[in-house]
Amino acid sequence: MAASIIKPEDESFIVRNKKAVLQILNGLKNDATDLKISFNDGKEDYITPIIDVDVDNNMILFDMSIDAAFNKRLLASNKIGILKDSGIRVKWESDQHSLVTLTDGNALRVELPEVIVRLQRRELFRLPTPMLKPVVCFMPVPNILTPNKNDIIEYDLVDVSLGGVGLVVKKSLHPGIKVGDQFENCKINFHGAGEASLTLQVRNIIPIESKSKKQQYRIGLEFIKPSRGNEGIIHKYTFDLERAMLAEKSTRF
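When we follow the numbering used here, the leftmost residue of the sequence shown carries the number 364, and every step to the right adds one.
This is the structure in structure tokens:
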């Protein structure tokens, strides 16, 4: 059996929402992103963009190699892997692939995937959120004097990843927020993607000093077992944010 490119540790990065999967695929096509098609346990591969994402016929089309013998081995393989290695990594597998003949030549037909891994390591790839249109997190934090009562605290996001968010506290830090604490039913309206209701765990609290010499804090929060619907919202927002950043960079040159 061919080795899988999807590992157990990728589980939390799997996108199962159909709309989110199609958005990722169409984004790769529209950006003409180079993808690596690999087979034979990764021993053979080539680079090609997506030609088309055809929802009606449940397929993705890729260019094929000019090497006929290579293409024959590719088509005979039991499983192929499709990977994007730069930036936020994307990968999926297929055991349903075949040759199709188009008006301008042959293409590789791959069945639309039900799941895609969109891999973003929190410590390596955090996306800054817009300052002019801040994303606000509403956290229900137990009141110190009345523990059965919650204070709803509003904090602006400064960055986001698939694993969590970073917040900045510009005023005094609520005494009910400590490293290791979890807070349920936190509401974040990810502009354009939807509102998510999340359980957040405090991973770190870092004191920072502002230009005005006022004490501030940066809080790192991890998403704890988000639902598939909330995962879809987070994936869509980070995907849109990354595309907007790339588009902005391209206009500078």
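By construction, the Cβ of each residue, glycine as well, lies at the ideal position given by its N, Cα and C atoms.
It should be emphasised that the depicted structure is a prediction, and the values quoted were computed from it without experimental measurement.
According to DSSP, residues forming a beta bridge with residue i
i	result
D514	V504
P570	Y580
T411	L398
M362	Outside the displayed range of the chain (364 to 616) lies residue 362, so it cannot be described from this structure.
E547	Looking at the DSSP assignment, E547 forms no beta bridge with any residue, so it has no partner.
F553	G557
D522	P491, G529
V565	L584
V378	I479
Proximity below 9 Å, CB of residue i to CB of residue j
i	j	result
I569	F586	no
Y600	H554	yes
K399	P412	no
L475	L388	yes
V416	I423	yes
L561	I571	no
V565	G543	yes
V498	R481	no
S401	L446	yes
V523	Q579	no
G405	G444	yes
E477	S367	no
C500	L520	yes
M427	L462	yes
Inter-residue CB distance, residue i and residue j (contact presumed, cutoff 8 Å)
i	j	result
P503	N511	Not confirmed; about 12 Å, so no contact.
G527	G583	7 Å
N441	D458	6 Å
D603	A556	7 Å
F546	L525	Their Cβ separation, rounded to whole angstroms, is 19 Å, which puts F546 and L525 out of contact at 8 Å.
A383	G595	5 Å
Stretch pair the segment 489-498 + the segment 456-474: three plus CB contacts closer than 8 Å: Two segments are said to touch when three or more pairs of C-beta atoms, one from each, lie closer than 8 Å; by this definition the segment 489-498 does not touch the segment 456-474.
Start-end ranges of the beta strand (DSSP E) lying completely within the segment 431-500, minimum 3 residues: 443-447, 452-457, 460-465, 468-474, 479-482
Whole alpha helix (DSSP H) elements within the segment 587-616, 4-residue minimum: 591-614
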